[in-house]
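What follows is one structure encoded as structure tokens, with my remarks underneath.
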Amino acid sequence: MASVPATAHAQAENLTKVYEMPNGEVTYLDLNSVQVVGTSKRYWEVTKLPAPDQYRVVLRRTYMEVDCNARMRAQRAFVDYDAQGAVVASDSSLDRPVQWRPIVPGSNGELVRLIVCSR
Numbered sequence: 353m354a355s356v357p358a359t360a361h362a363q364a365e366n367l368t369k370v371y372e373m374p375n376g377e378v379t380y381l382d383l384n385s386v387q388v389v390g391t392s393k394r395y396w397e398v399t400k401l402p403a404p405d406q407y408r409v410v411l412r413r414t415y416m417e418v419d420c421n422a423r424m425r426a427q428r429a430f431v432d433y434d435a436q437g438a439v440v441a442s443d444s445s446l447d448r449p450v451q452w453r454p455i456v457p458g459s460n461g462e463l464v465r466l467i468v469c470s471r
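The numbering used here applies: residue 353 is where the sequence shown begins, and numbers increase by one.
Below, the structure written as structure tokens:
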């Protein structure tokens, strides 16, 4: 299995709040992690939950890829953490095909695309 790029965690994070959901879940982009890969860009999202979910997760780091021209997104990897910072779950699809999803105009995904693709 391919590993998630270490550079995303080796650099100081530059977290920018992108949106907050009505339930208090807040999503940030790590602007220092944006990398060009062909016609796409890859980056880390960090989501903080207002309370632990059913699996004790309070923070999720998600490695995403966006095709700026096709307006599609795909999840490449994730790591879930509990309140003590221990890894609860993780997965990486860097070495296998991913499921591309269309970005809905006017959605939070579109906002993320605009920010990431402008870098």
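Note that the Cβ used here is the ideal one computed from N, Cα and C, for glycine as well. Being a predicted model, the structure only gives us computed values, none of them experimental.
What are the residues that DSSP puts in a beta bridge with R394?
Q387 and E417
Inter-residue Cα distance where the pair is P402 and G376:
5 angstroms
Under 8 angstroms: do the stretch 434-444 and the stretch 455-466 share three or more Cβ pairs, one atom per stretch?
no
What would DSSP say about R408, mapped onto helix, strand or coil?
coil
Distance check for E397 and V386, CA to CA, integer angstroms please.
10 angstroms
Beta-carbon proximity check, D434 vs V464, cutoff 8 angstroms:
no
Quick check on DSSP: helix, strand or coil for E462?
helix
Does DSSP put V450 in a helix, a strand or coil?
coil
C-beta contact flag for L446 and R428 at 8 angstroms
yes
Between L381 and V370, which are expected to be in contact by the criterion C-beta below 8 angstroms, what is the C-beta distance as a whole number of angstroms?
5 angstroms
Enumerate in chain order the residues of its own chain whose CB-to-CB distance from D443 is below 7 angstroms, with the five nearest sequence positions on each side excluded.
A429 and F430
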